[in-house]
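Chemist: Residue numbers (the working numbering), protein chains in the order written: chain A, 2 to 346; chain B, 4 to 335.
#1: Determine the closest residue to residue 184(B) out of 208(B), 225(B), 230(B) and 204(B), with distance taken between C-alpha atoms.
#2: Starting from residue 90(B), follow its DSSP beta bridges and name the residues at the other end.
#3: Starting from residue 163(A), trace the alpha helix (DSSP H) both ways and give me its first and last residue.
#4: Could you have a look at residue 103(A) and say whether DSSP puts it in helix, strand or coil?
#5: Checking contacts by CB at 8 Å: is residue 253(A) closer than that to chain B?
#6: Tell me, please, whether the CB atom of residue 219(A) is closer than 8 Å to any CB atom in chain B?
#7: Quick one: grab the DSSP three-state call for residue 306(B).
#8: As a quick exercise: from 277(A), 203(A) and 74(A), pick the residue whose alpha carbon is nearest that of residue 323(A).
#9: Would a check of beta-carbon distances place residue 198(A) closer than 8 Å to chain B?
#10: If you check the beta carbons only, do residue 311(B) and residue 175(B) fall under 8 Å apart?
#11: Please list the partners that residue 231(A) has in chain B, where partner means a Cβ-to-Cβ separation under 7 Å.
#12: Do you know how far the Cα of residue 133(A) is from the Cα of residue 7(A)?
#13: State buried or exposed for residue 47(B), treating a residue as buried only when at least 16 other CB atoms are found within 10 Å of its CB.
#14: Taking the Cβ atom as the reference point for each residue, do residue 170(B) and residue 74(B) lie within a distance shorter than 8 Å?
#15: Where does residue 321(A) land, buried or exposed, given buried means 16+ other C-beta within 10 angstroms?
#16: Pull out every residue of the stretch 198 to 221 of chain B whose Cβ sits closer than 7 Å to any Cβ of chain A, in chain order.
#17: Does the stretch 83 to 98 of chain A come within contact of the stretch 61 to 71 of chain A, defined as at least 3 CB pairs closer than 8 Å?
#18: Hey, would you say residue 131(A) sits closer than 8 Å to residue 192(A), going by beta carbons?
#19: List the endpoints of the continuous beta strand (DSSP E) containing residue 208(A).
#20: Between residue 208(A) and chain B, is there a C-beta pair that is closer than 8 Å?
#21: Going by other Cβ atoms of all chains shown within 10 Å of its Cβ, with 16 needed for buried, is residue 233(B) buried or exposed?
#22: Could you compute how far the alpha carbon of residue 338(A) sits from the alpha carbon of residue 152(A)?
#23: Quick check: the stretch 324 to 335 of chain A against the stretch 197 to 215 of chain A, are there 3 or more CB pairs under 8 Å?
#24: Indicate whether residue 92(B) and residue 115(B) have their beta-carbon atoms separated by less than 8 Å.
#25: I want to see whether chain B comes within less than 8 Å of residue 331(A), judged by CB atoms only; does it?
#26: For chain B, check one thing: does any of its Cβ atoms lie closer than 8 Å to the Cβ of residue 285(A)?
#27: Using C-beta distances below 6 Å, list every residue in its chain close to residue 297(B), excluding the 5 sequence neighbours before and after it, in chain order.
#28: Excluding the five sequence neighbours on either side, which residues of its own chain have a C-beta within less than 7 Å of the C-beta of residue 29(B), listed in chain order?
#29: Could you say which of 55(B), 154(B), 269(B) and 98(B) lies nearest to residue 308(B) if we only look at CA atoms?
#30: Give the DSSP-derived three-state secondary structure of residue 262(B) in the structure shown.
#31: Alpha carbon to alpha carbon, how far is residue 72(B) from residue 208(A)? Give it in angstroms, no decimals.
#32: Residues of chain B with CB closer than 7 Å to the CB of residue 158(A), please, in chain order.
#33: Just curious, the alpha helix (DSSP H) that residue 334(B) is in, first and last residue?
#34: Counting only the same chain and skipping the five closest in sequence on each side, list residues whose C-beta sits under 6 Å from that of residue 198(B).
#35: I'd like to know if residue 49(A) contacts chain B, where contact means its C-beta is closer than 8 Å to some C-beta of that chain.
#36: Taking the alpha-carbon of residue 34(A) as reference, which of 333(A), 53(A) and 140(A) has the nearest alpha-carbon?
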């Protein structure tokens, strides 16, 4: 069974792009061994093998045969086939967020992993970000009473991969509502409970000629709390995040800009290259992605639950898809939370 | 020119009185208030006359009055002033129902007097700078806006603010109209649809009206704007709240924080940090505009109709919160 022999846990990376690199280096901080890489463009897998060790595989099946766990860091629309294959092969999976492109796919993936007895961690990594984690713990400690009105903002420039820019293909990525805002939907639900109604507006539907998307979403939680989420691919190059949680007895606020500990004012702008896909930067002794992968490694080793459950992955996907539907139809979308299905099962 | 104050129910009256007193050629006629103790006290404090009734003040023929009564009492006082041929600057929100708002517009139009809505944020210097920038095309087409007008719960010092019969609602009635007005002004368009949700979690034990709220407005050309109108600033905050707008457009993003021009003070005796505002006084500019409009016999730059349209958005918000779906404007 998976879950044993963790000293020699062997890991494969499926999708040798930007997040594939992040996962590879994170796994290498654990006792696991990254044995290989698979990418539909073999030269990318070869490049990672040369850089990080291990080898390139020319098929997913061959890779799965050699590993105990995989990181699925492919474009969103192919998460389904890869995670299903991993489950069939009895391998643990870290699946980058969002879990899937459709809710039906997500449900099947969760069911397959459960049936196979493998762990599934959805990369809703914001739960591992210290500023968000600190806020969650402050709420749990009762510092602000009962959460009432929550606000989240995540604003970046549009991803600009030099080749195969699947991010801007809505059919593949679901746009910023699914790709970006899923983090905040997950975190809002973690703090304020299940979400039952979603209303959204998005430039994709109101100003298609803009060519970039910016969305504003209002979530209504079962317990009465309200959440405002802003997600943008319409910002100039930056990674701007902020949140506030107003409760019955207090207020928590965070703004990445004002809490940035270092500011470097240059006499001459250096040859700054704009990253293809912006990632947040904040000096920490351990990257949030390392924290995430370590947590997953330990969950496998100890056969313990992971901080982001498969239900959490499915629930965040459900909220994001409801937001897209609302932005498209202009109507508020009522949802029956997936977690409630489990509770009544 | 003589200006009177009808009611001191709203705390803004204190500021307006000071603004009138500072204007050259303008005389503060006096204060009328149905709360005689309150009115007499403020009249004494500001060295002006207290009138025992609104009719008595109007009989002394002011050129204009500033109405700072409870929201639901704006209509009768406006009608009284209009009937006396006196120009009106009315505190926001203009009224609490469509019928009242319409009646106020009609009364002032028929009497040929000015009806101006007290939207001081329109006169806020950073906000005006943004308006100029937008008008020059600095942002190109505006696509969306993420805005806030949050504050502390005002019911402790002025209990009528949390009395639905007098205030017309809670946070959504109190804190929707400023930003709704700014957005209409910035965009030069009307809101055609409003979605909103409200709740009562903050101060639930002491307040019967909504204290938390979020709105998402859609304008005629599809531009959309969210607004957080919550009374979500803790009473221990260093500020009453604020007005912020993030405007997302063709050429980038403009973020404006209308009340950011503060020195932060930490005094051992104050008990908490305090913001010492050093920005330009927008109340003074607003009152000056009211006086100038009277002098020049013209409409003010902020009208009663602007107040009516902003109020309509708040009312649509309440209707949407009830039904759980967006509500089309105008409300019939």
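Using N, Cα and C, we set each Cβ at its ideal position, and we do this for glycine too.
Modeler: On the basis of the data shown:
#1: 230(B)
#2: 67(B)
#3: Unbroken run through residue 163(A): none, as it is neither H nor E.
#4: coil
#5: no
#6: yes
#7: coil
#8: 203(A)
#9: yes
#10: no
#11: 149
#12: With a pLDDT of 49 at residue 7(A), under the threshold of 50, the modelled position of that residue is not reliable, and no figure is offered here.
#13: exposed
#14: yes
#15: buried
#16: 198, 200, 202, 204, 205, 207, 215, 217, 219 and 221
#17: yes
#18: no
#19: Unbroken run through residue 208(A): none, as it is neither H nor E.
#20: yes
#21: buried
#22: 21 Å
#23: yes
#24: no
#25: yes
#26: no
#27: 66, 67 and 90
#28: 4, 6, 23 and 294
#29: 98(B)
#30: coil
#31: 42 Å
#32: Result: empty, since nearest Cβ-Cβ is about 10 Å, beyond 7 Å.
#33: Per DSSP, residue 334(B) belongs to no alpha helix (DSSP H) and is neither H nor E.
#34: 219, 323 and 329
#35: no
#36: 53(A)
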